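Chemist: In my numbering, the protein residues as written are 36 to 170. For every residue, glycine included, the Cβ atom is placed at its ideal position computed from N, Cα and C. Small disclaimer: the values here were computed from a predicted structure and weren't measured. Submitted below is the structure of interest, expressed as structure tokens.
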């Protein structure tokens, strides 16, 4: 697998959006029963604090992963993965570069907001709510 492109991060208020994230989709070969991974680019991860000060994270892969060809594990089985089949991976995983950028921006957001807990405390909300309304 080739190195993934470097994701881009943008921040709006209490939300971080990381785009151009590579996602890895996972299946099993039905011939040799070994894992088969397919990567797609162009995904998005959004993270931050919601209006109640709670942490959230959403993941959206850029496209449906597909693969047609011989099993990459060498067993010779012809595979057709994705493309609307019932075996689509329901939980694709972002590549490590996407998480690295997300975690760095998450720490910057918490530092800039002066929030020292994973979720905002009542005093954090009181202090920051007027700021969120102005933005």
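Counting Cβ pairs, one atom from each stretch, are 3 or more of them under 8 Å apart for the segment 48-62 and the segment 133-140?
Modeler: yes
Chemist: Below 9 Å between beta carbons: does that hold for residue 81 and residue 115?
Modeler: In the chain shown, the residue the question calls residue 81 occupies position 46. In the chain shown, the residue the question calls residue 115 occupies position 80. No.
Chemist: Distance, Cα to Cα, residue 100 vs residue 157?
Modeler: Mapped onto the chain shown, residue 100 falls at position 65. Mapped onto the chain shown, residue 157 falls at position 122. Approximately 42 Å, taken between the alpha carbons.
Chemist: Within 10 angstroms of the Cβ of residue 126, are there 16 or more other Cβ atoms? Answer buried if so, exposed if not.
Modeler: The count along the chain shown starts at 1 and reaches residue 126 at position 91. By the neighbour-count rule (16 or more Cβ atoms within 10 Å), residue 126 is not buried but exposed.
Chemist: If I measure Cβ to Cβ from residue 71 and keep anything under 8 Å in the same chain, skipping five residues before and after, which residues do I get?
Modeler: Counting from one through the chain shown, the residue named residue 71 turns up at place 36. Excluding sequence neighbours, residue 71 sits near 61, 62, 63, 64, 102, 106, 107, 108, 114 and 116.
Chemist: Exposed or buried, what is residue 169 when buried is set at 16 or more other beta-carbons lying within 10 Å of its beta-carbon?
Modeler: Position 134 of the chain shown, counted from the first residue, corresponds to residue 169. Note that residue 169 scores 47 on pLDDT, short of 50, meaning its location in the model is unreliable; the coordinates nonetheless yield the value given after this. By the neighbour-count rule (16 or more Cβ atoms within 10 Å), residue 169 is not buried but exposed.
Chemist: Nearest-angstrom Cα distance between residue 47 and residue 154?
Modeler: The sequence position of residue 47 within the chain shown is 12, counting from 1. The sequence position of residue 154 within the chain shown is 119, counting from 1. Straight-line Cα distance between these residues: approximately 18 Å.
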